[in-house]
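Have a look at the structure below, then the notes.
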Amino acid sequence: MTNVTVVDLLREATAAVRAKDRPRTRELLLEATRLDPRNETAWQWLAGVADSPAEALRALESILSLNPNNEKAKVAVGPARLQAGIAAAKAKDATTARRLLRTVIANDPRCESAWVWLASVAESPTEALSHLNRALEINPESAPAKRGVLFYRAKLEAAQLTEEAPRSATGDAPTVSGAKAATAIMPRPSVRQKTPVPSRGTVLVVDDSRTIRKLVAMTMTGAGFTVVEAEDGSAALDRIRDIGVPDLILLDIAMPGIDGYEVCRLVRRNPDTQKVPVIMLTGKDGFFDKIRGRLAGTNAYLAKPLKPDTLLEAVRKHCPVAAE
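Here you go:
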């Protein structure tokens, strides 16, 4: 292509765009920017067909280095930098992610997503919590920030328990198997030891509908179970930590904050709760919903509205205590 000019390349790129040939368009524009790194038009077109957030960001930054007053590039560079930072975080390139996300925040301190993703590449749980708290100041209802706070608080609690365990002279200190998110639901042994074990077992019912919780509770208590209720995912984790490990969890999927899939994953990651049967309660009975549930670790699905006989049958099938 030694005899081809940048004008020729841009003309071919225009034809490739009309033919909806994105790979060819990108190839031509890359060559154009290589031949003429100061061609603002070539960089601007390349930003639109880049195959990665990092490439789009490089193109936009090149435009602004040539023309700081390019309005389109000025508007686009912030979102592009955010996407490049998120991509770097997902790729475990923490150094690049931190650099990009901090730049985003310097230019837009109220960028909620930047704070959340910066927390994911923080160098300590304390730093991560600081970033997540900033995100929650911007949006108190941010579900990712709420999940992150639970995760990093759990890591701090796990570290504290690990430090305190050797001090116990009675051997009753809790065992910590690692600073994972699942430790957020590690039960408190002192409380758990005081909780009497009912003859038919304890069922944790998690649903944001008070009506459904009460209907399920009536069915389960009528069958001889002790029922503990939680109105959402966060409350469910608190109940497990406070009262001990239940014999079965009946878990709604669609809840504010932490949804049922995430609660189930946390249950499965914790050594103390990983074998607890989990039955999902859902208003949807689709194939993909069931696949997501299986991947999260659920044992069974029950569609709403719940029928008492169907509920009890599922409980007896999946809960060993119920079969005794």
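Taken in order, the sequence shown gives residues -7 to 316; the numbers are from my numbering.
For every residue, glycine included, the Cβ atom is placed at its ideal position computed from N, Cα and C.
Task: For Thr17: DSSP bridge partner residues - done: In DSSP, Thr17 forms no bridge with anything.
Open item on the list: Rounding to the nearest angstrom, what Cα-Cα distance links Phe217 and Ser134 in this structure?
Closed with: 36 Å
Task: Reduced DSSP category for Leu298 - H, G, I as helix; E, B as strand; rest coil - done: coil
Task: Residues of its chain near Glu104, where Cβ-Cβ distance is below 7 Å and the 5 sequence neighbours each way are ignored - done: Ala127, Ile130, Asn131 and Ser134
Open item on the list: DSSP has Glu221 in a bridge; who is on the other side?
Closed with: Val197
Task: Buried or exposed by the 16-neighbour rule on C-beta atoms within 10 Å, applied to Met272 - done: buried
Task: Endpoints, the alpha helix (DSSP H) within which Ile204 is located - done: Arg202 to Gly214
Task: Bounding residues of the alpha helix (DSSP H) (the contiguous stretch that carries Thr6) - done: Val(-2) to Arg10
Open item on the list: Closer than 8 Å is the cut-off here; do at least three beta carbon pairs connect the stretch 217 to 227 with the stretch 282 to 295?
Closed with: no
Open item on the list: Taking 7 Å as the cut-off, is the beta-carbon of Arg126 closer than that to any non-hydrogen atom of the ligand GDP?
Closed with: The ligand GDP is absent from the structure shown, which contains no ligand whatsoever.
Task: Local Cβ density within 10 Å of Ala80, reported as buried at 16 or more and exposed below that - done: buried
Open item on the list: Along the chain, where does the beta strand (DSSP E) containing Val255 start, and where does it finish?
Closed with: Note, Val255: premise wrong, no beta strand (DSSP E); alpha helix (DSSP H) at Gly252 to Arg261.
Open item on the list: Using C-beta distances below 6 Å, list every residue in its chain close to Ala89, excluding the 5 sequence neighbours before and after it, in chain order.
Closed with: Gly77, Ala80, Ala81 and Val113
Task: Classification of Thr(-6) by the beta-carbon crowding that lies within 10 angstroms, buried from 16 upward - done: Low local confidence applies: a pLDDT of 48 at Thr(-6) is under 50, so the model's placement there is unreliable, with the coordinate-based value given in what follows. By the 10 Å Cβ count, Thr(-6) comes out exposed.
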